[in-house]
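Please read the structure below before turning to the comments.
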Amino acid sequence: MAVIERIVNWARIKSPWIIHFNSGACNGCDIEILAALTPKFDLERFGIILKGTPRHADVLMCSGPVTRQTKDRLIRIYEQMPEPKFVVAVGTCACSGGVFDGCYNVLGGIDTVIPVSAYIPGCTASPHAIIDGVAKLLGSLKKK
Amino acid sequence: MDRVIIPIGPQHPALKEPESFRVTLEGEKIVDVSLRLGYNHRGIEKACESRTFMQNIYLIERVCGICSHSHSTCYIQAVEDLAGTEVPKRALYIRTLVGELERVHSHLLWLGVAGHEIGFDTLFMYSWRDREIVMDLLAKLTGNRVNYGINTIGGVRRDISKEESEEILKAVDILEERTKYYIEVATQEVTLINRLSNVGKLSRADVELLGAVGPVARASGVDMDTRRDDPYAAYSEVSFKVITADNEDVYGRTLVRVGELMESYSIIRQVLKNMPDGPITVRVPRKIPAGEAISRYEAPRGEDVHFVKSNGSDTPERVKLRAPTLANIKAVLKMLKNYNLADLPIIIAAIDPCFSCTDRTISIKKLDTGSTEIVDWKSLREYSIEWYKKRGIRF
Amino acid sequence: MIIEEEIQQKLIKNYNFLEEKIRIPRARRIYFEFPADKFEGLLEFLMKEILCNMLCTMTGLDAGDTIEVIYHFARKDGIIVNVKISVPKDNPKIKTISNYFPSAEYYEREVIDLLGAEVEGLPEGSRYPLPDGWPDGQYPLRKDWKSDVLEKENK
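From first to last, the protein sequence lines stand for chains A, B and C.
Residues 435 to 578 in the working numbering are what the first sequence lists, from first letter to last.
Residues 6 to 400 in the working numbering are what the second sequence lists, from first letter to last.
Residues 37 to 191 in the working numbering are what the third sequence lists, from first letter to last.
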């Protein structure tokens with residue numbers, strides 16, 4: 435079984451499928467995630483595809499701070515993803531609540547609700563930083 | 006024919022923002038639409054009251070990542086009105102320059118998103134590749150690709166050097182070539198014209214009744230542009246045309262936005278040529294005198310309105326923002342009626358929605374399923390592309 | 037400022053009590069206060085005689101014992117006419133203007149949700165901008181409202 439596990443892991447590293455979720459961000463980080471897919475940065479050369487449903491995805495890329503209502507929705511999306519799954523918090527707001535920390539509808543960063551595997555800070559997190567963060571995540575998977 | 010209600014949203018409607026449309030269908034035709042907003046509410050207006058005027062600049066910039074300079078400039082103009090400052094001319098010119106660069110990047114972004122919504126992914130990739138030229142310029146000028154932070158009360162924080170001016174002029178030349186190509190595509194590519202014409206019609210009378218603003222209003226022949234009607238920054242000293250179209254549909258909105266790109270290049274060239282020398286900022290006291298001020302700005306999506314009330318201390322008494330998309334919502338609901346479900350993605354995308362500006366709060370509602378079908382934006386988009394492929398329109 | 041002063045004169049001619057009460061702090065901005073019960077008449081005057089064709093937005097304010105609502109109307113030439121009405125906080129009723137300006141519906145819902153005003157005559161519709169589960173009686177934009185009030189309610 436170890437061989438199969440290694441093959442599956444290899445497939446996962448070589449071609450992680452992403453789902454993107456915006457829990458109420460200002461859009462800056464979402465646009466940068468989309469920009470990472472365009473010709474200048476081209477995330478797709480890593481085998482990364484943006485999928486529409488959590489059931490097909492390996493990695494959840496989340497931007498924006500978490501609020502009262504988003505909390506339930508975010509947990510539900512996380513639970514719909516098949517194991518093993520990874521969460522990437524993109525942007526300062528997703529890491530810690532950012533500039534909205536303390537506002538009446540904001541609970542904080544993503545890690546107040548679900549476990550996060552990689553943090554990509556920045557306001558906004560530029561596509562260079564996003565690629566770096568994703569590459570580091572894939573590198574850490576390789577070591578396993 | 007039975008009526009079916011389809012809730013669309015809140016995950017991933019246009020521009021990956023949460024909001025919920027409940028669409029009532031009769032067969033293929035949209036009969037009624039109701040909208041549940043309030044998904045992006047973050048409590049910014051309340052937060053502004055406990056931060057100083059200077060700290061609020063950075064908070065208000067993050068209302069929206071695409072039109073951040075519009076919001077921050079509009080707010081600063083109101084504060085400067087209250088403080089009675091005379092902002093140095095060079096600062097006004099730099100603000101105009103960054104504002105127009107923002108308009109260029111926003112319209113190119115829209116062009117890509119509109120292409121993506123109708124299945125024309127090549128246009129998406131092309132226009133976002135060109136958009137990177139503008140993003141690099143902005144990063145060089147201001148230090149960041151988004152959320153520039155160039156404004157301060159009384160002027161701007163960074164100056165522009167001669168080398169940067171030359172670079173901007175060269176980049177604008179390249180962008181103008183590319184935009185001419187997009188205009189050719191928009192005016193001569195028959196498939197595109199067929200796909201976008203007669204979709205999402207909004208008559209001139211409806212624009213005036215429902216209070217639509219920006220390119221949506223201009224595409225129905227209404228000649229309104231805050232840069233000309235209520236001039237601010239350096240707009241009273243540059244000459245530009247207000248682009249309108251008579252098509253009243255999504256195609257008209259495309260033509261208006263592409264035309265505005267060309268005008269922006271002309272404004273940028275004029276601003277760089279006539280940039281006056283002098284200081285870039287003037288000192289303003291921490292405590293702003295009591296009073297009320299309202300200021301307007303022509304953001305890429307339309308007219309942005311900010312109202313600031315001060316009580317003489319160093320924190321504002323009240324800050325109110327009204328972003329352009331909120332003014333266009335009623336128009337969208339009118340535009341969707343009697344069109345096919347397959348047209349819904351492009352009609353909503355055509356107002357260039359920025360629900361993050363609109364709501365400024367965050368909350369997401371759990372949808373009740375009941376006897377309705379839940380459709381997410383991606384499948385709706387794919388459905389609409391397939392529907393049109395069957396009718397001979399493929400890209 | 038010629039046009040702004042003409043507008044000022046027209047308003048004073050029709051409403052004598054506005055004499056000395058209309059402020060023009062800069063070009064294209066006119067501010068004055070008006071009694072809430074006579075507001076509808078003023079609205080029709082503004083639309084027909086002063087040619088205000090657009091409602092920019094409405095701002096709600098908590099002013100201690102009263103709730104103030106400022107209506108910002110714009111003309112085609114860029115002049116904004118700002119009218120402030122006050123209603124007592126223990127009976128904050130205003131009438132809707134969405135029959136004249138349909139876009140007012142969202143601005144009025146904002147004042148209802150965030151300040152607790154009551155608007156008579158609004159059509160049916162969902163609330164905006166607060167979420168569905170928001171507890172009753174909590175009006176975030178009121179000066180005495182603090183966000184830890186919500187924490188205590190949740191616990």
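Note that the Cβ used here is the ideal one computed from N, Cα and C, for glycine as well.
These numbers were taken from a predicted model, which means no experiment stands behind them.
Quiz item: According to DSSP, which residues form a beta bridge with residue 523(A)?
Solution: Against the first sequence, residue 523(A) aligns to sequence position 89. Its beta-bridge partners are 496(A), 553(A).
Quiz item: residue 473(A) CB to nearest chain B CB: under 8 Å?
Solution: As a first step, residue 473(A) is located in the first sequence; it is residue number 39 there, counting from the start. It does; some Cβ of chain B falls within 8 Å.
Practice problem: Work out the CA separation of residue 148(C) and residue 177(C) for me, nearest whole Å. | Solution: Within the third sequence, numbered from 1, the residue matching residue 177(C) stands at position 141. Within the third sequence, numbered from 1, the residue matching residue 148(C) stands at position 112. Distance between the alpha carbons of residue 177(C) and residue 148(C) is about 11 Å.
Quiz prompt | Segment limits, alpha helix (DSSP H) that includes residue 75(B) | solution = Walking along the second sequence from the start, residue 75(B) turns up at place 70. That run of the alpha helix (DSSP H) goes 73 to 88.
Quiz item: Near residue 256(B), which residues of its chain fall below 6 Å by C-beta distance, leaving aside the five closest residues on each side in sequence?
Solution: Position 251 of the second sequence, counting from 1, holds the residue named residue 256(B). Excluding sequence neighbours, residue 256(B) sits near 201, 202.
Practice problem: Determine which residues share a DSSP beta bridge with residue 129(C) and list them. | Solution: Stepping through the third sequence from its first residue, residue 129(C) is reached at position 93. Its beta-bridge partners are 154(C).
Quiz item: Would DSSP call residue 243(B) helix, strand or coil?
Solution: Indexing the second sequence from 1 puts residue 243(B) at position 238. Residue 243(B) falls in the coil class under three-state DSSP.
Practice problem: Say whether chain A places a C-beta atom closer than 8 Å to the C-beta of residue 79(B). | Solution: For the purposes of this step, residue 79(B) is taken as residue 74 along the second sequence, with counting starting at 1. Taking Cβ atoms only, chain A never reaches closer than 8 Å to residue 79(B), which makes this a no.
Practice problem: Would you mind stating whether residue 30(B) and residue 38(B) have Cβ atoms separated by less than 8 Å? | Solution: The count along the second sequence starts at 1 and reaches residue 30(B) at position 25. The count along the second sequence starts at 1 and reaches residue 38(B) at position 33. Cβ atoms of residue 30(B) and residue 38(B): not closer than 8 Å.
Quiz item: From this set, 223(B), 243(B), 239(B), which residue's C-alpha is nearest residue 251(B)'s C-alpha?
Solution: Here the question's residue 251(B) lines up with position 246 in the second sequence. Among 223(B), 243(B), 239(B), the Cα nearest to that of residue 251(B) belongs to 223(B).
Exercise. Could you check what DSSP says for residue 65(B) in three-state terms: helix, strand or coil?
Key: As a first step, residue 65(B) must be located in the second sequence, where it is residue number 60. In this structure, residue 65(B) counts as helix in the three-state DSSP scheme.
Practice problem: In the DSSP assignment, find the alpha helix (DSSP H) that holds residue 195(B) and state where it starts and stops. | Solution: For the purposes of this step, residue 195(B) is taken as residue 190 along the second sequence, with counting starting at 1. Here the alpha helix (DSSP H) through residue 195(B) covers 195 to 201.
Quiz prompt | chain B contacts from the segment 442 to 475 of chain A (Cβ-Cβ distance under 9 Å) | solution = 454, 455, 456, 457, 458, 459, 460, 461, 462, 463, 464, 465, 466, 467, 468, 469, 471, 472, 473, 474, 475
Quiz item: Which residue comes first and which comes last in the beta strand (DSSP E) that contains residue 98(C)?
Solution: Indexing the third sequence from 1 puts residue 98(C) at position 62. Run containing residue 98(C): 90 to 99, per the beta strand (DSSP E) assignment.
Quiz item: If you count every other CB in all the chains shown that lies within 10 Å of the CB of residue 45(C), and 16 or more means buried, which is it?
Solution: In the third sequence, residue 45(C) corresponds to position 9, counting from 1. Classification for residue 45(C): exposed.
Exercise. Could you please give me the residues that DSSP links to residue 181(C) through a beta bridge?
Key: Counting from 1 along the third sequence, the entry for residue 181(C) is found at position 145. Answer by DSSP bridge pairing: none, since residue 181(C) is not bridged.
Quiz item: Nearest chain B C-beta to residue 137(C) closer than 8 Å, yes or no?
Solution: Against the third sequence, residue 137(C) aligns to sequence position 101. Yes, residue 137(C) lies at the interface with chain B (some Cβ there is under 8 Å from its Cβ).
Practice problem: Using a Cβ-Cβ cut-off of 8 Å, state whether residue 162(C) counts as contacting chain A. | Solution: The residue given as residue 162(C) occupies position 126 in the third sequence. No, because no Cβ of chain A sits closer than 8 Å to the Cβ of residue 162(C).
Self-check item: 8 Å Cβ cut-off: residues of chain C touching residue 216(B)
Solution: Mapped onto the second sequence, residue 216(B) falls at position 211. What residue 216(B) touches in chain C: 90, 91, 137, 138, 139.
Self-check item: Opposing strand residues paired with residue 106(C) [DSSP bridges]
Solution: Your numbering for residue 106(C) matches position 70 in the third sequence. DSSP, once it has assigned bridges, lists 95(C), 120(C) as partnering residue 106(C).
Exercise. Out of 502(A), 478(A), 537(A), 484(A), state which residue places its alpha-carbon closest to the alpha-carbon of residue 547(A).
Key: As a working mapping, residue 547(A) is identified with position 113 in the first sequence. Considering only alpha carbons, the answer is 502(A).
Quiz item: Contact between the segment 457 to 472 of chain A and the segment 62 to 73 of chain B: three or more CB pairs below 8 Å?
Solution: yes
Quiz prompt | C-beta neighbour in chain A for residue 302(B), strict 8 Å | solution = In the second sequence, the residue the question calls residue 302(B) occupies position 297. No, because no Cβ of chain A sits closer than 8 Å to the Cβ of residue 302(B).
Self-check item: Burial state of residue 438(A) (16 or more Cβ within 10 Å)
Solution: In the first sequence, the residue the question calls residue 438(A) occupies position 4. The residue in question, residue 438(A), is exposed, as its Cβ has fewer than 16 Cβ neighbours within 10 Å.
Self-check item: Buried versus exposed call for residue 490(A) [16 or more other C-beta atoms within 10 Å across all chains shown]
Solution: Counted from its first residue, the first sequence places residue 490(A) at position 56. Exposed, since its Cβ has fewer than 16 Cβ neighbours within 10 Å.
Exercise. For residue 493(A), go through chain B and note every residue whose CB falls closer than 9 Å to its CB, in chain order.
Key: Against the first sequence, residue 493(A) aligns to sequence position 59. Simply none; closest approach about 16 Å.
Quiz item: So residue 445(A) is in the alpha helix (DSSP H); what residue range does that whole segment cover?
Solution: Taking the first residue of the first sequence as 1, we reach residue 445(A) at position 11. Here the alpha helix (DSSP H) through residue 445(A) covers 436 to 448.
Quiz item: Are at least three pairs of beta-carbons, each pair with one atom in the segment 167 to 175 of chain B and one in the segment 219 to 236 of chain B, less than 8 Å apart?
Solution: no
Quiz item: Between the beta-carbon of residue 87(B) and the beta-carbon of residue 238(B), is there less than 8 Å?
Solution: Residue numbering aside, residue 87(B) sits at position 82 when the second sequence is read from its first letter. Residue numbering aside, residue 238(B) sits at position 233 when the second sequence is read from its first letter. For residue 87(B) and residue 238(B), no; Cβs fall outside 8 Å.
Quiz item: Under 8 Å, do residue 152(B) and residue 75(B) count as touching if we go by C-beta distance?
Solution: Walking along the second sequence from the start, residue 152(B) turns up at place 147. Walking along the second sequence from the start, residue 75(B) turns up at place 70. Taking 8 Å as the Cβ cut-off, residue 152(B) and residue 75(B) do not qualify as a contacting pair.
Quiz item: Does the beta carbon of residue 530(A) come closer than 8 Å to any beta carbon on chain B?
Solution: If you number the first sequence from 1, residue 530(A) lands on position 96. Not closer than 8 Å to any Cβ of chain B, the Cβ of residue 530(A) fails to qualify, so no.
Exercise. Tell me, to the nearest whole angstrom, how far the beta carbon of residue 150(B) is from that of residue 144(B); I am working on the premise that it is less than 8 Å.
Key: Counted from its first residue, the second sequence places residue 150(B) at position 145. Counted from its first residue, the second sequence places residue 144(B) at position 139. With a Cβ gap of about 5 Å, residue 150(B) and residue 144(B) count as contacting.
Exercise. Could you tell me the distance, in whole angstroms, from the CA atom of residue 273(B) to the CA atom of residue 230(B)?
Key: Taking the second sequence and counting its residues from 1, one reaches residue 273(B) at position 268. Taking the second sequence and counting its residues from 1, one reaches residue 230(B) at position 225. Residue 273(B) and residue 230(B): Cα-Cα distance of roughly 17 Å.
Self-check item: Buried or exposed by the 16-neighbour rule on C-beta atoms within 10 Å, applied to residue 526(A)
Solution: Residue numbering aside, residue 526(A) sits at position 92 when the first sequence is read from its first letter. Residue 526(A) is buried by the Cβ-count criterion.
Exercise. Throw me the rounded Cβ distance for the residue 106(C) and residue 120(C) pair, which I believe falls under 8 Å.
Key: As a position in the third sequence, residue 106(C) is number 70, starting the count at 1. As a position in the third sequence, residue 120(C) is number 84, starting the count at 1. So it is a contact: roughly 5 Å between Cβ atoms.
Practice problem: Could you check what DSSP says for residue 333(B) in three-state terms: helix, strand or coil? | Solution: Sequence index remark: in the second sequence, residue 333(B) carries index 328 (1-based). Three-state result, residue 333(B): helix.
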